[in-house]
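In terms of our numbering, the sequence shown opens at residue 1 and continues consecutively.
Worksheet for the structure shown next.
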Amino acid sequence: MDYARFERLVIGIGAAAIVGTATLTLGMKSDPVELIAQLLLLAVLVAAVRWGRRGGTTAAVGAAVVYAAVKGIAVGTAGIASQALWLIALHAAMYLAVGVIGGEACSRMKSMFARAHDSRAFDESTSAYTSAFLSRLLSEAIAGFERYNMAFSVLVIGVDGRATAGMRATDSADVVRSIAMRLRKGLRLVDEMGRLPWGPFAIILPQTGVAGAHTAADRLRADLRDELKIEDAAITVRVMSAADDLEAIRTLAAEAAQSDEPMRPAS
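As structure tokens, then:
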């Protein structure tokens, strides 16, 4: 089973359970607001499974706001009773649990499925995605942007030879691993990182515009500078956003897919 099938399975089971509960709610002529609450929960579940913790969290906050508004309208202008407030808090906690915890779990499952499905998906020396798998992720992100306007940005981060000057091959490989580990620590769970054949690391930042990408780039540059004890000039960072640099990202994906060059220690 790949992650796409797992995704459909989880959404299908969740949808069946939620729809069943909603049907019972209608049959018992219960509060129609609770039917809306169940549909909102389904939306949060879909967001968590499809887009991980960030998407699940965003959907959970939105669902909580919508539920509170609908409940407030249903109660009326006289004021919200303590029971209604308790229900709002309960539903908000439920949405956040599904969105945050469920989204994080699904992101980890996605990584596990990728590793199990394709043993070549990860670069053995750094545990980052290989360029071929990275190309596939870039293509999927491009498709999501073109079809659904799902924003994303890409960072290409490299370190020049000053970081490994005069080192033996084994020591140089250790530096590359340190770079990969330090970059990974600075990323969100939903972010994806792969290594390009010519040395640098490419990072996909879902749901991130150009301003957020520049903020992330500055933070990661500072992390590498502190980790490697090198100057900023030794670190190159290229920032691309889907809104402004889609063709450049498309070119990067094509180059990553077609290149058969051996990995360099760093560049």
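C-beta: ideal position from N, C-alpha, C; glycine also.
These numbers come from a predicted model, not from an experiment.
Assuming contact is defined by CB atoms lying nearer than 8 angstroms, are residue i and residue j in contact in what I supplied?
{"i": "Ala-254", "j": "Phe-201", "result": "no"}
{"i": "Ile-235", "j": "Leu-252", "result": "no"}
{"i": "Ala-59", "j": "Ala-43", "result": "yes"}
{"i": "Ala-63", "j": "Leu-90", "result": "no"}
{"i": "Ser-131", "j": "Arg-221", "result": "no"}
{"i": "Thr-215", "j": "Phe-152", "result": "no"}
{"i": "Glu-124", "j": "Leu-189", "result": "no"}
Quick one: Cα of residue i to Cα of residue j, how far?
{"i": "Glu-247", "j": "Arg-238", "result": "14 angstroms"}
{"i": "Phe-6", "j": "Ala-121", "result": "18 angstroms"}
{"i": "Ala-92", "j": "Gly-158", "result": "42 angstroms"}
{"i": "Ala-211", "j": "Gly-102", "result": "28 angstroms"}
{"i": "Lys-110", "j": "Ser-135", "result": "16 angstroms"}
{"i": "Val-268", "j": "Val-46", "result": "No statement about residue 268 is possible, as the shown extent of the chain runs from 1 to 267 and does not include it."}
{"i": "Cys-106", "j": "Ala-48", "result": "7 angstroms"}
Give the secondary structure of residue i by DSSP, where H, G and I count as helix, E and B as strand, and everything else as coil.
{"i": "Arg-147", "result": "helix"}
{"i": "Val-19", "result": "helix"}
{"i": "Glu-247", "result": "helix"}
{"i": "Ser-135", "result": "helix"}
{"i": "Ala-202", "result": "strand"}
{"i": "Val-190", "result": "coil"}
{"i": "Thr-77", "result": "Note on Thr-77: pLDDT 48, under 50, position unreliable in the model; no value is reported."}
{"i": "Gly-55", "result": "helix"}
{"i": "Ile-230", "result": "coil"}
{"i": "Ser-107", "result": "helix"}
{"i": "Ser-127", "result": "coil"}
{"i": "Leu-155", "result": "strand"}
{"i": "Thr-208", "result": "coil"}
Buried or exposed: residue i, going by 16 or more other Cβ atoms within 10 Å of its Cβ?
{"i": "Pro-32", "result": "exposed"}
{"i": "Gly-20", "result": "exposed"}
{"i": "Gly-12", "result": "exposed"}
{"i": "Val-65", "result": "exposed"}
{"i": "Lys-71", "result": "buried"}
{"i": "Ala-37", "result": "buried"}
Within a Cβ cutoff of 6 angstroms, which residues of the same chain sit near residue i, ignoring the five residues on either side of it in sequence?
{"i": "Asp-160", "result": "Ala-234"}
{"i": "Met-1", "result": "Because the pLDDT of Met-1 is 48, which lies under 50, any placement of that residue in the model is unreliable, and the number read from its coordinates should be weighed accordingly. Once the five neighbours on either side are set aside, Met-1 has no close Cβ partner at all."}
{"i": "Ala-180", "result": "Thr-126, Ala-128"}
Can you find the residues in the same chain that come closer than 8 angstroms, C-beta to C-beta, to residue i, ignoring five residues on each side of it along the sequence?
{"i": "Ile-142", "result": "Ala-242, Leu-246, Ile-249, Arg-250, Ala-253"}
What residues in its chain sit with their C-beta under 7 angstroms from that of residue i, if we drop five residues either side in the sequence?
{"i": "Val-100", "result": "Arg-53, Gly-56, Thr-57, Ala-60"}
{"i": "Ala-78", "result": "A caution first: Ala-78 carries a pLDDT of 48, below 50, which makes its placement in the model too unreliable to give a value."}
{"i": "Leu-187", "result": "Met-193, Ile-203"}
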